Amino acid sequence: MGGFEMDMFLCMEHDWHEFRIQAAEETIVRFSGHEEASSCPERKTRSSKRIERLCKPIIEIRTRPLQRLLVRLKSGHLFEVRPEKSNFQIDKTTEPISLSGCFDERKDFFTEKTKRILSLIIGYTVLHLYGTSWLQPGWGSSNIKLFQTTACKTPLRPFVEAQLRKTDDPGDYEGEWTQEFDSGHSCPEMVALAVVLMEIYFVKPFRQLAKMHNIPLIDTRSGRITLMDVDQVFWGDEEGEEGWRTQIPEDSPLLEAIDNCLDGEIWEDNEGDRLDVEELRTRIYEKVVRPLELHLRHGFSQIQLDGVDQYAKSLDFGKWGQVITTKETDQSLPLSAGQTTSRVPSPAVLLAQGQFDINAMFSRSFQQVWHLQAQAPSSLFHLGYALSDDNLSEMSQFFDDHVNDRDKSVAEAETEKYRTWRSEYEDVYKTFVGDYIDQKPTQPVKIAILDTCIDRDHPFLELYEDNMKGKKNFHNASQKNVPDTNGHGTFAANLILDYARDAHLYIIKIADKKNATPDAAIVANAIYHAVDKWAVDIISMSFGWPSPDMVGHDALEDAIDHAYSKKVLMFATASNSGARLGRAYPASNPHVICVHSTDTNGEASGFSPTAEPNSINLATVGESVESAWPTLLSQDSRCLQSRSGTSYATPIMVGIAAFLLQYASLHLPQKQTLALKRREKMEALLRRCAIRGPNYKPRDDYFYVHLSLHKHNLFGGELIG
């Protein structure tokens, strides 16, 4: 392996500082005592001073904000060169996030894109670090870390933890592994890679995958996962129980990569001996990394392989892979390191980022930036999940919306346009339902809203007191009172009643003030209750997960299937991530009607996802929408707010659907009315409501639902009540 260059972070008790290291070929990194003489012939200037103890440069560089130290590594020793400008401002008040911690606590961080990028970058890391002390046999997802920046972003920039030794002697290092090593595979690093790839794909720690199949794991002194356990969990047991392998598509390049990692013969020569390091790296690329490249390209062909690392660093892992803007990056300023103890600890953590040119044949694929973290044995640094509550709430916005922050006069003008839009709908409602419902009483449409509850004391909602027929607190079952301490639920519920003023509303609280993502099981139970106890016609869900890969997904899928089988219409918000993400879940479920957002002219909102091909993309107004806001939270004397988001297009669409059901029960035969309770029929009718004349073409591929008495509108032509 030729020379390379790395970025790294050195830390003493959470006081992190960036270093850049230039290195020649090395396989063992060590920090020697004072008694050893330097073999470096280049100490001609003061800038190339031998580093005897890492504590000293850490203490010196902490007095230089926004600077890092350039260090040269030669013959296993470090030499101080000069300070230079720092380029990665991490938040020193939070600890790095482990990938294993994300599997346990932050499944909502993962999207299909970030999973494939992570898999490839980790594959590249194994390729480049194999055979060095940076990659050790027992590595795993708990050793993979991500840092939060001072701008409260978490770049998709993984670091791999390794334990530095103070000796060259490999005997101490290898002893335990030799005793615990499984027969049949000579490269435990590749078995570890297979485990990590499985964990990323299923977004579950390996021990949970084993537990779900009732497979006990072998206890090892190091905690390393054995090949026997991996084979049983992945392939299944001898009694015919299928393993997790059957859950990965057979034509997936990822499956090929995992299979090859676990195939011991690939990593041996004809004599059954382990290949030399150079040949192993070639095999790693051919058998593992190349399939992972294909895995990424098959799903996201626009991502260039020779720039995937730089692209990944531009994504905020804590925001489901959204792009970190330049403005956000510029806000990265160093935080105070705070007080330190008087005792000088040993170097806690070494983080490095390097470029390796292994083989000219594959150099383009290899020239990525890798990160690794090395922790001294006596370190006091605690590696755990360390996002603060405030930062966590920002990263996990379940109800994704925002207050209009335009100039006040502009915002008022946009809100006035919305009021006009709503009044046109009210004319339709009065003409086709309001003038008839007293003359011909019918069964009211029953709607359940799953949200943060409602402020029943709000003066606008007091007018609808008779419409509210039930409430249930699934967020905290022991608390019968269901106040809205967030505001989102009050806003959305008022919209439903504005557009379906004769409907009966059933309110279920699934989340609270902090806007944190609830357990999917809570949502599933809420759906069962709405369907089986209240027999509702429609369920409104102004929320979503970035992808269906979360705890409780199967239970929620079952609940949605149950509601669909009972002919209950379900509406859910598309998401507010613009073109950066696709439809959120459950809006992406085929039994749920997905609602996109537009302005009052039908132009797609910038935050609304791109229309999906071969799909009916329904949309309605979701910008500058005015509705009730809880009295205790409001600073406006009228207790109203103007807000935007697909979260608010959804209850408006729910209200329109309720109007259509009410219209059908008043004017159409019962059979046709019941047919509209099927998703396919309601979706088709809403699509018809969007069509304006025989030559209509959907703008932005959105079918924009807007009802008025204009002659081009379905309810403005010859259709009469």
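Residues 4 to 724 (my numbering) are what the sequence shown spells out, left to right.
Just so it is clear, CB atoms sit at the ideal spot from N, CA and C, and this is done for glycine as well.
The structure displayed is predicted, hence computed values, not measured ones.
The criterion of a C-beta distance shorter than 8 Å is satisfied by residue 634 and residue 458. 8 Å or more divides the Cβ of residue 501 from the Cβ of residue 422.
Counting every other CB atom within 10 Å of its CB across the protein chains shown gives residue 671 a total below 16, marking it as exposed. Looking at the DSSP output, residue 644 bridges to 630. Taking 8 Å as the cut-off, the beta carbon of residue 129 is found closer than this to the beta carbon of residue 287. In the three-state reduction of the DSSP assignment, residue 548 falls in the strand class. Closest by C-alpha distance to residue 156, out of 194, 97, 586 and 471, is 97.
In this structure, the alpha-carbon of residue 461 lies about 19 Å from that of residue 655. With respect to residue 307, residue 583 sits apart: the two C-beta atoms are not nearer than 8 Å.
Membership of residue 571 in any beta strand (DSSP E) is not indicated, and neither H nor E is assigned to it by DSSP. Contact between the region 480–492 and the region 618–629 is absent: fewer than three C-beta pairs spanning the two stretches fall below 8 Å.
A contact is defined here as three or more CB-CB pairs under 8 Å, and the region 218–231 fails this definition with respect to the region 250–257. Residue 509: member of the beta strand (DSSP E) spanning 507–512, first to last residue. DSSP places residue 454 inside the beta strand (DSSP E), whose first and last residues are 449–454. Taking 3 residues as the minimum length, the beta strand (DSSP E) runs contained wholly in the region 636–692 are 643–647, in order along the chain.
Looking at the backbone, the Cα of residue 427 and that of residue 161 are separated by about 53 Å. For the pair residue 133 and residue 270, the Cα-to-Cα distance works out to about 12 Å. Cβ-Cβ distances below 7 Å link residue 704 to 614 and 620 in the same chain, with the five nearest sequence neighbours on each side left out; the list follows chain order.
By the 16-neighbour rule on beta-carbons within 10 angstroms, residue 469 is exposed. Take residue 679, set aside five residues on each side of it, and the residues of its chain with a beta-carbon closer than 7 Å to its own are 663, 664, 667, 685 and 688, in chain order.
Here the C-alpha atom of residue 284 lies approximately 11 Å from the C-alpha atom of residue 126. Counting only residues of its own chain and dropping the five nearest sequence neighbours on each side, residue 189 has a CB closer than 7 Å to the CB of 267, 270, 271 and 277.
For the pair residue 701 and residue 694, the Cα-to-Cα distance works out to about 8 Å.
Excluding five sequence positions before and after residue 275, none of the CB atoms of its chain fall closer than 6 Å to its own CB. Counting only the Cα atoms, residue 642 lies some 20 Å from residue 420. Beta-bridge annotation (DSSP): residue 597 is paired with 575.
The criterion of a C-beta distance shorter than 8 Å is not satisfied by residue 715 and residue 649. DSSP places residue 304 in the coil class of the three-state scheme, outside both helix and strand. About 6 Å separates the beta carbon of residue 477 from that of residue 512, a gap short enough to meet the 8 Å contact definition. Excluding its 5 nearest sequence neighbours in each direction, residue 121 has C-beta neighbours in its own chain below 6 Å: 203, listed in chain order.
Residues of the same chain with a CB within less than 6 Å of the CB of residue 544, apart from the 5 flanking positions on each side, are 453 and 575 in chain order.
Only buried fits residue 100, as 16 or more other CB atoms lie within 10 angstroms of its CB.
Contact between residue 559 and residue 658 fails: their C-beta atoms lie close to 24 Å from each other, not under 8 Å. Per the DSSP secondary-structure output, residue 471 pairs in a beta bridge with 508.
Per DSSP, residue 213 is one residue of the alpha helix (DSSP H) stretching across 209–215.
In the assembly as shown, residue 699 is an exposed residue. Its beta-carbon has fewer than 16 other beta-carbons within 10 Å.
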